[in-house]
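S.K.:
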Amino acid sequence: MDQAAIERLHERAFGPGRFARTAFRLREGVPPDPALSFAAHVGTFLVGSVKVTPVAAGGHTALMLGPLTVDPAFEGRGIGAALMNRSIEAARAAGHDLVMLIGDAPYYARFGFKVIPPGQLILPGPADPSRFLALELVEGVLAQRRGAVSPLRATPRA
Ligand SMILES: CC(C)(COP(=O)(O)OP(=O)(O)OC[C@H]1O[C@@H](n2cnc3c(N)ncnc32)[C@H](O)[C@@H]1OP(=O)(O)O)[C@@H](O)C(=O)NCCC(=O)NCCS
-15 MDQAAIERLH ERAFGPGRFA RTAFRLREGV PPDPALSFAA HVGTFLVGSV KVTPVAAGGH
45 TALMLGPLTV DPAFEGRGIG AALMNRSIEA ARAAGHDLVM LIGDAPYYAR FGFKVIPPGQ
105 LILPGPADPS RFLALELVEG VLAQRRGAVS PLRATPRA
């Protein structure tokens, strides 16, 4: 994947403030899963990107989706939806059970994301609770996940 082009897209969409965001903190130092992260191209031009990073949520591995970014010149053509659907299907096929994100509920509701009951999963920084969303890939799994959401650190070998 063209990391430099993806980074330029993120800079245009989110600006320098993106580094201070809670979602960014959760992903810091943990590479996105390349099997669940996709880019969209028109010709050779990168027009969209979605990344998915494994995190810990209430003592279990879950997925944090984001950023999802589409070049403003290419918005409204279904690129965001195509990237979302591809990522979600890949996550399901890989056997994951829960995808979380911080974003606009009115956009993500179409993919099945719902607001996480406030206080159930605790982010490592500030976030509007109405923007902290989850998609269950296994029905009922969200109710079983309680506690901290934190970066997934590699477990040191004994
Ligand atoms: C949000 C974003 C990824 C959507 O990508 P896209 O390729 O334009 O999305 P799609 O073409 O699949 O869907 C477009 C539809 O979503 C709607 N939509 C876009 N952003 C929305 C939002 N924030 N809230 C509600 N609906 C939204 C559009 O109005 C359009 O509706 P329609 O299908 O009824 O016409 C893109 O606008 C973007 O990159 N924005 C800046 C970064 C960002 O906000 N990322 C997401 C973090 S919340």
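Note that this note's numbering has the sequence shown beginning at -15, numbered continuously upward. Each residue gets a CB set at the ideal place from its N, CA and C atoms; glycine is no exception. These figures come from a predicted structure and were not determined experimentally.
If we ignore side chains and look at the alpha-carbon of each, how far apart do Thr37 and Phe58 end up?
M.R.: Start at 1 with the first residue of the sequence shown, and residue 37 comes out as number 53. Start at 1 with the first residue of the sequence shown, and residue 58 comes out as number 74. Going from the Cα of Thr37 to the Cα of Phe58 covers about 25 angstroms.
S.K.: Can you check whether the CB of Thr45 is closer than 7 angstroms to the CB of Ala(-3)?
M.R.: Walking along the sequence shown from the start, residue -3 turns up at place 13. Walking along the sequence shown from the start, residue 45 turns up at place 61. No, the pair does not count as a contact, with Cβ atoms beyond the cut-off.
S.K.: Round the Cβ separation of Val83 and Ile100 to the nearest angstrom and send it over; I've been treating them as touching at under 8 angstroms.
M.R.: Residue numbering aside, residue 83 sits at position 99 when the sequence shown is read from its first letter. Residue numbering aside, residue 100 sits at position 116 when the sequence shown is read from its first letter. Not quite, the Cβ-Cβ distance comes to about 11 angstroms (not below 8 angstroms), so this is no contact.
S.K.: Return the chain-ordered list of same chain residues with a C-beta closer than 6 angstroms to the C-beta of Leu107, the five sequence neighbours on each side being excluded.
M.R.: Your numbering for residue 107 matches position 123 in the sequence shown. Around Leu107: Thr6 and Val133.
S.K.: How about the stretch 107 to 121 and the stretch 74 to 81: do they share at least three Cβ pairs that are nearer than 8 angstroms?
M.R.: These segments touch.
S.K.: Measure the beta-carbon distance from Leu20 to Leu47 and round it to whole angstroms, keeping in mind my assumption that it falls under 8 angstroms.
M.R.: Counted from its first residue, the sequence shown places residue 20 at position 36. Counted from its first residue, the sequence shown places residue 47 at position 63. With a Cβ gap of about 7 angstroms, Leu20 and Leu47 count as contacting.
S.K.: Would you grab the beta carbon distance between Gly87 and Gly50 for me? Rounded to a whole angstrom, and I think it's under 8 angstroms.
M.R.: Residue numbering aside, residue 87 sits at position 103 when the sequence shown is read from its first letter. Residue numbering aside, residue 50 sits at position 66 when the sequence shown is read from its first letter. Gly87 to Gly50, Cβ: 7 angstroms. Contact.
S.K.: Looking only at its chain, what residues have a beta carbon closer than 8 angstroms to the beta carbon of Arg130, apart from the 5 residues adjacent to it on each side?
M.R.: Along the sequence shown, one-based indexing puts residue 130 at 146. Once the five neighbours on either side are set aside, the close Cβ partners of Arg130 are Gly42, Gln104 and Leu105.
S.K.: In whole angstroms, give me the CA-to-CA distance for Val26 and Glu(-9).
M.R.: Residue 26 sits at position 42 when you count from the first residue of the sequence shown. Residue -9 sits at position 7 when you count from the first residue of the sequence shown. Looking at the two C-alpha atoms, the distance is approximately 17 angstroms.
S.K.: Hey, how far is the Cα of Ser33 from the Cα of Ala111?
M.R.: Along the sequence shown, one-based indexing puts residue 33 at 49. Along the sequence shown, one-based indexing puts residue 111 at 127. Approximately 22 angstroms between the Cα atoms of the pair.
S.K.: Assign Arg94 to buried or exposed, taking buried as 16 or more other Cβ atoms, counted over all protein chains shown, within 10 Å of its Cβ.
M.R.: As a working note, residue 94 is residue 110 in the sequence shown. By the 10 Å Cβ count, Arg94 comes out exposed.
S.K.: Could you check which residue in Ala74, Gly(-1) and Tyr91 has the C-alpha nearest to that of Phe116?
M.R.: The residue you call residue 116 lines up with position 132 of the sequence shown. When each option's Cα is compared against that of Phe116, the closest is Tyr91.
S.K.: Identify whether Gly64 lies in helix, strand or coil by the three-state DSSP scheme.
M.R.: In the sequence shown, counting from the first residue as 1, residue 64 sits at position 80. Looking at Gly64 - three-state DSSP - the assignment turns out to be helix.
S.K.: Would Leu136 and Ala77 be called neighbours here (beta carbons separated by less than 7 angstroms)?
M.R.: By one-based count along the sequence shown, residue 136 stands at place 152. By one-based count along the sequence shown, residue 77 stands at place 93. Not closer than 7 angstroms, so no.
S.K.: Could you name each continuous beta strand (DSSP E) segment of 3 residues or more that falls completely within the stretch 22 to 106, going from the start of the chain to the end?
M.R.: Within the stretch 22 to 106, the complete beta strand (DSSP E) runs of at least 3 residues are 22 to 26, 29 to 41, 44 to 54 and 82 to 86.
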